[in-house]
Amino acid sequence: MAPSEALTSVILGPADVPEGLALSDAAGWNQTADDWRLFITQGRVFGLRDGDAGPLVATAAALPYEGGIGWVSMVLVNAAWRHQGLATALMARCVAHLRTLGATPVLDATPAGQQAYLRIGFEDGFALARWEGTVAAPEASAAPAADAAVVQALDAQANGCGRGFLLADFLQRAGTRAHLSPARTGFVIAREGRRATQIGPLVAEDESSALSLLQAALAGVSGRVFLDVPDRWAALRAWLEQAGFTRQRAFVRMSLGAAPIASVNDRLFVLAGPEFG
Ligand SMILES: CC(C)(COP(=O)(O)OP(=O)(O)OC[C@H]1O[C@@H](n2cnc3c(N)ncnc32)[C@H](O)[C@@H]1OP(=O)(O)O)[C@@H](O)C(=O)NCCC(=O)NCCS
Numbered sequence: 013m014a015p016s017e018a019l020t021s022v023i024l025g026p027a028d029v030p031e032g033l034a035l036s037d038a039a040g041w042n043q044t045a046d047d048w049r050l051f052i053t054q055g056r057v058f059g060l061r062d063g064d065a066g067p068l069v070a071t072a073a074a075l076p077y078e079g080g081i082g083w084v085s086m087v088l089v090n091a092a093w094r095h096q097g098l099a100t101a102l103m104a105r106c107v108a109h110l111r112t113l114g115a116t117p118v119l120d121a122t123p124a125g126q127q128a129y130l131r132i133g134f135e136d137g138f139a140l141a142r143w144e145g146t147v148a149a150p151e152a153s154a155a156p157a158a159d160a161a162v163v164q165a166l167d168a169q170a171n172g173c174g175r176g177f178l179l180a181d182f183l184q185r186a187g188t189r190a191h192l193s194p195a196r197t198g199f200v201i202a203r204e205g206r207r208a209t210q211i212g213p214l215v216a217e218d219e220s221s222a223l224s225l226l227q228a229a230l231a232g233v234s235g236r237v238f239l240d241v242p243d244r245w246a247a248l249r250a251w252l253e254q255a256g257f258t259r260q261r262a263f264v265r266m267s268l269g270a271a272p273i274a275s276v277n278d279r280l281f282v283l284a285g286p287e288f289g
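Spelled out as structure tokens, the structure:
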């Protein structure tokens with residue numbers, strides 16, 4: 013079904029952050045105003061408004077990274093407007109936009125989303141899951157200082173694509189804590205989310221160093237914590253389970269129009285989030 017003619021296509025600007033946030037809040041998601049601002053300023057967020065200047069009822073974001081990859085996320089439709097093809101139409105705009113930039117569209121899909129994306133040609137890559145837990149209030153401690161250039165370089169190496177702007181944005185946010193490993197070969201970032209502290213990305217040389225970094229990050233935060241971990245990391249999963257974390261939901265990495273991303277990189281242990289990869 014084509015989207016209703018009563019709807020107006022828009023590209024979101026900075027003034028639209030509160031309305032975007034209202035949509036992600038209504039879906040119970042963890043993104044903050046800072047996240048919406050980042051999608052709007054660094055990528056392109058396609059939206060649909062009810063009438064010429066009515067409320068925002070649907071969104072989808074395209075966020076290009078260096079190296080020919082473009083992230084698609086924030087596919088949200090107000091509950092009253094679902095099942096009319098709005099998400100499909102906005103997804104198509106994201107895909108077309110990324111293709112004009114020469115970027116392969118990539119996303120992390122929930123099982124329901126996966127079915128919709130398979131229909132439009134996305135292919136499955138690796139499996140991951142969101143883990144959720146609660147940690148006790150930490151001893152008061154000074155936030156560690158992490159060298160942004162080192163973090164950006166390690167992240168680019170682990171992801172195979174540059175997204176320095178994303179790391180720089182996370183690092184300058186109030187409430188962010190970042191840790192570099194002693195040998196400066198890995199790092200982890202914990203940032204504030206709407207519903208929980210989000211841990212990730214976490215880049216390390218091997219799984220045991222990843223676990224040390226995770227423990228350092230958890231020692232610096234309190235309350236509810238989310239982290240998105242590729243299923244490949246069995247030791248990390250086992251540790252999370254024994255620490256009382258639960259597997260909240262599954263995702264699958266998907267890509268369109270290039271070789272599917274079959275396996276997570278050897279150094280990427282926790283993603284920045286399904287909305288960023
Ligand atoms: C999922 C969602 C975006 C679908 O929006 P929509 O405008 O109703 O979807 P469309 O009508 O374009 O899509 C056609 C079908 O594919 C499904 N679909 C499309 N995109 C989807 C997606 N990203 N995730 C799950 N299902 C999706 C829809 O449920 C719809 O099913 P239907 O046959 O029962 O109508 C909407 O229900 C929503 O905002 N849900 C909460 C947020 C969410 O889960 N976003 C997706 C994260 S991957």
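Residue numbering for the sequence shown follows this note's numbering, beginning at 13 and increasing consecutively. Each residue gets a CB set at the ideal place from its N, CA and C atoms; glycine is no exception.
Top-ranked residue by Cα proximity to residue i, from the options
i    : options                   : result
M103 : V282, S21 and L50         : S21
M266 : A27, A128 and Q164        : A128
C72  : L140, V107, A231 and G79  : Here residue 72 is Ala; the residue named in the question, Cys, does not match the sequence. It is V107 whose Cα lies nearest to the Cα of A72.
V69  : P76, L24, D46 and P286    : L24
A74  : I273, Q254, L119 and T44  : L119
L192 : R206, G176, A222 and L268 : A222
W48  : L252, A101 and D28        : D28
A39  : G66, N90 and L268         : N90
P117 : L283, F281, N277 and L268 : L268
A92  : W41, P76, P67 and A101    : P67
Length of the line joining the Cα atoms of residue i and residue j
i    : j    : result
F263 : L166 : 24 Å
S217 : G63  : A quick correction: the sequence has Glu, not Ser, at residue 217. Each residue's Cα considered, the two are about 52 Å apart.
V299 : L183 : Any property of residue 299 remains undetermined from this structure, which presents the chain solely from 13 to 289.
R206 : Q43  : 6 Å
Q254 : G198 : 24 Å
L252 : E144 : 9 Å
A271 : G133 : 12 Å
G289 : P194 : 25 Å
T53  : S153 : 33 Å
A34  : L50  : 16 Å
Reduced DSSP category for residue i - H, G, I as helix; E, B as strand; rest coil
i    : result
I52  : helix
A168 : helix
V276 : coil
L283 : coil
P67  : coil
Q210 : strand
R196 : coil
Q43  : coil
E135 : strand
S234 : coil
H95  : coil
F288 : coil
A270 : coil
M13  : Residue confidence for M13 is low, a pLDDT of 49 falling below 50, so the modelled location carries little weight; the figure read from the coordinates is stated next. In the structure shown, M13 sits in coil (DSSP, three-state: anything other than H, G, I, E or B).
T188 : coil
Whole-Å CB distance - residue i paired with residue j, under 8 Å assumed
i    : j    : result
R236 : T258 : Not a contact, Cβ separation roughly 12 Å.
A202 : A180 : About 16 Å; that fails the 8 Å criterion.
R142 : D240 : 5 Å
G212 : G137 : Wrong, their Cβ atoms sit about 18 Å apart, outside the cutoff.
V215 : R175 : In fact, because the Cβ distance is near 12 Å, the residues do not count as touching under 8 Å.
E204 : G187 : 4 Å
P150 : S234 : 6 Å
L60  : L88  : 11 Å between Cβ atoms; not a contact.
S85  : E287 : 4 Å
Neighbour flag for residue i against chain D, beta carbons, 9 Å
i    : result
W245 : In the structure shown, chain D cannot be found, because there is only a single protein chain.
- Between the region 75-84 and the region 109-116, do three or more beta carbon pairs fall short of 8 Å? Pairwise C-beta distances place the region 75-84 in contact with the region 109-116, as three or more of them are shorter than 8 Å.
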